[in-house]
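In UniProt numbering, the protein residues as written are 1 to 508.
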């Protein structure tokens, strides 16, 4: 069933994307400054009331001021302002005759800290208001690029909408049962594999907690921008603006601080209420694809999180594969062909479509996998070598090679299937809820058109989308390997399997 959101996007002209990003970041911080200002005002009024309360002792008032400091300031400031606070209270309780002067001094010191913090919050909010007003008065608008439609793009649009707005009718209990009793039950049968899988889930849960509290670095912002620049998601104009912003240190720092705020408020994140417009363009191989014109702040925020989770899963799934193949490696010589196969599978082909955290040459994110064509050439060479080796060793036995790909896989992915799979990987609820909101993207295709919520499929050209698809396909790779010991040489949704035993190939 397609969900139609009763709102329309009427914009025919808007501010340029770079100015829009600055405006959104300013609004984000202005909202935070406003909340901070209100928080200081409420706490300060409460403190003034307590100050004139004759039933409270000086020690009580100092203790309450300490509580206010803990409420109003961040961890670093709290540690600095409340140094020796607990020891002072202990001394004051033990010896009230000699501590009154010390308490009085400390009381006034804490009051000054809170008063200065209150003034800073007012100045921050005032500056934010001025900046926001200045941005709103900028008149340079740009008209969105007109998109020429063709019969091919219209057909692609029609096919896409039939899929993504129609929720999958699947037996989710059957899917849970498959994961529990077949796919992941494999790890339960071996104590070492069980330990490795339990560690994988625990590390994933802990990584999610860490990611919520980490400050976003300028390096991470540039990686997310590079990922967009190197992808097909943006038109030439938007790429040019991003390249310009990437070289602006102030803009990068603004993005970093804004992303840190957005992640700290992850539970409240939603897509923009005006929806996201889908634009049909040809990709590098000439096929029409629907790309979504998100504002720069949203796009970089989502790409950053997608890259961070991709780095994590590639690293941890490689560790899991090493545990999975450890027994096989131990059973053969380190100089044997089979040992070299296993090492090649782990290092070059296992989860190959996920990005490495650093490109070996530039240190930049490698999301678009610049070596995929080289990897495919290597794979063809490997298959040819395996065929020739087999002909020498077993000239009378056939050697089977199978190649396949998945059509419309990304647009067809079930959101519920992704959620359940991530649960089994140790993902916490706050991230599961966020991922579900990401997948339920509100989209429209023409100005003035009703906004509809995506019910199936992953938004194209997002690191998160690529990750979810990869994780489901990892499940396929794992299931094939468990049951046949045949390795799926997979480049995203292109499969290559080969073996000398035809019955095993049929099983795979």
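Note that beta-carbon positions come from the ideal geometry of N, C-alpha and C, so glycine has one too. All figures in this text were calculated on a predicted structure; none of them were measured in a lab.
Beta bridge counterpart(s) of residue i as assigned by DSSP
i: residue 292; result: 278
i: residue 442; result: 453
i: residue 403; result: 496
i: residue 491; result: 494
Span separating the alpha-carbon of residue i from that of residue j
i: residue 50; j: residue 40; result: 15 Å
i: residue 143; j: residue 493; result: With a pLDDT of only 49 at residue 143, under 50, the local geometry of the prediction cannot be trusted, and the value read off the model is given with reservation. Taking the straight line from one Cα to the other gives about 37 Å.
i: residue 224; j: residue 416; result: 27 Å
i: residue 106; j: residue 26; result: 37 Å
i: residue 242; j: residue 296; result: 8 Å
i: residue 498; j: residue 354; result: 23 Å
i: residue 280; j: residue 290; result: 4 Å
i: residue 443; j: residue 67; result: 46 Å
i: residue 287; j: residue 440; result: 25 Å
i: residue 350; j: residue 20; result: 40 Å
i: residue 258; j: residue 29; result: 7 Å
i: residue 173; j: residue 450; result: 34 Å
i: residue 16; j: residue 235; result: 13 Å
i: residue 341; j: residue 490; result: 15 Å
i: residue 239; j: residue 170; result: 39 Å
i: residue 334; j: residue 346; result: 15 Å
i: residue 188; j: residue 194; result: 5 Å
i: residue 52; j: residue 58; result: 11 Å
i: residue 90; j: residue 219; result: 45 Å
i: residue 47; j: residue 197; result: 52 Å
i: residue 487; j: residue 470; result: 16 Å
i: residue 83; j: residue 263; result: 29 Å
i: residue 368; j: residue 400; result: Summary for residue 368: the model assigns pLDDT 44, below 50, so the residue's position carries little reliability, and this model does not support an answer.
i: residue 122; j: residue 78; result: 20 Å
i: residue 453; j: residue 55; result: 58 Å
i: residue 380; j: residue 496; result: 10 Å
i: residue 38; j: residue 126; result: 13 Å
i: residue 484; j: residue 504; result: 6 Å
i: residue 221; j: residue 255; result: 7 Å
i: residue 448; j: residue 412; result: 27 Å
i: residue 396; j: residue 502; result: 13 Å
i: residue 24; j: residue 382; result: 50 Å
i: residue 22; j: residue 201; result: 38 Å
i: residue 474; j: residue 81; result: 50 Å
Residue from the options whose Cα sits closest to the Cα of residue i
i: residue 199; options: 424, 260, 29 and 495; result: 424
i: residue 214; options: 73, 260 and 334; result: 260
i: residue 124; options: 191, 36, 170 and 239; result: 36
i: residue 227; options: 334, 305 and 237; result: 305
i: residue 207; options: 430, 489 and 473; result: 430
i: residue 373; options: 397, 395 and 348; result: 348
i: residue 166; options: 414, 108, 336 and 311; result: 414
i: residue 237; options: 412, 59, 293 and 205; result: 293
i: residue 307; options: 216, 333, 330 and 278; result: 216
i: residue 87; options: 63, 109, 108 and 69; result: 63
i: residue 252; options: 129, 18 and 495; result: 18
i: residue 343; options: 319, 357 and 356; result: 319
i: residue 32; options: 44, 265, 246 and 256; result: 265
i: residue 437; options: 394, 399, 376 and 275; result: 275
i: residue 357; options: 310, 398 and 332; result: 310
i: residue 108; options: 61, 175 and 410; result: 61
i: residue 402; options: 461, 396 and 500; result: 500
i: residue 45; options: 22, 118, 256 and 434; result: 118
i: residue 34; options: 81, 418, 120 and 397; result: 120
i: residue 175; options: 419, 445 and 396; result: 419
i: residue 230; options: 249, 468, 462 and 421; result: 462
Tell me, please, whether the segment 451-465 touches the segment 476-491 by the rule of three or more beta-carbon pairs shorter than 8 Å. no
If contact is defined by three or more beta carbon pairs under 8 Å, each pair taking one atom from either stretch, is the segment 268-277 in contact with the segment 309-320? Fewer than three Cβ pairs drawn from the segment 309-320 and the segment 268-277 lie within less than 8 Å of each other, which leaves the two stretches out of contact.
Counting beta carbon pairs with one atom in the segment 160-169 and one in the segment 381-392, are three or more of them shorter than 8 Å? no
Say whether the segment 290-310 touches the segment 320-336, bearing in mind that this needs 3 or more beta-carbon pairs closer than 8 Å, one atom from each stretch. Counting C-beta pairs with one atom in each stretch, the segment 290-310 and the segment 320-336 have fewer than three that are closer than 8 Å, which means they do not touch.
Answer yes if the segment 397-406 comes into contact with the segment 182-189, meaning at least three C-beta pairs across the two stretches below 8 Å, and no otherwise. No, because fewer than three Cβ pairs between the segment 182-189 and the segment 397-406 fall closer than 8 Å, the two stretches do not touch.
Is the segment 102-116 touching the segment 59-73, taking contact as three or more C-beta pairs under 8 Å? yes
Could you pull out every unbroken alpha helix (DSSP H) segment of at least 4 residues lying fully inside the segment 162-238, listed in chain order? Within the segment 162-238, the complete alpha helix (DSSP H) runs of at least 4 residues fall at 172-178, 185-188, 191-213 and 218-229.
Please give the ranges of any alpha helix (DSSP H) in the segment 24-105, keeping only runs that are unbroken, at least 4 residues long and fully inside the region. Runs of alpha helix (DSSP H) with 4 or more residues, each lying fully within the segment 24-105, are found at 58-72, 75-81 and 85-94, listed in chain order.
Segments of 4+ residues assigned as alpha helix (DSSP H) that fall wholly inside the segment 304-363: 326-330 and 337-344
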